[in-house]
Amino acid sequence: MGASRITITLDEGLLKRLDHLVQVAPYSSRSRAIQEAVEDKLRKANRDDFERELVKLDPQFEQEMADEGLCEDVREWPEY
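Using the working numbering, the first residue of the sequence shown is number 14, and each one after it goes up by one.
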């Protein structure tokens with residue numbers, strides 16, 4: 014996948030911290046450091062969304078649904 018150029022605005026303090034990070038960490042540029050930070054943030058957001066949805070599940074209902082489906086499947090299995 015190709016890359017797209019964007020423009021962002023950072024306050025001076027954040028920019029100084031970013032430049033320091035690029036100097037001391039294995040980032041080839043500000044762009045690379047920002048790209049990795051955005052990737053990490055999106056990965057965490059996706060994980061948080063998944064966890065929020067997961068707590069909505071009712072384990073007993075899910076087990077009943079799984080058992081019901083399994084009973085249907087077992088009846089269709091050939092006997093050996």
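Ideal Cβ positions, reconstructed from N, Cα and C, are used throughout, including at glycine.
Query: Contact under 9 Å by Cβ, L31 with A46; Result: yes
Query: Residues near D53 in its chain [Cβ-Cβ closer than 7 Å; skip 5 each side]; Result: none
Query: CB contact flag (V35, S42, <9 Å); Result: yes
Query: L27 versus V68 - alpha carbon distance; Result: 36 Å
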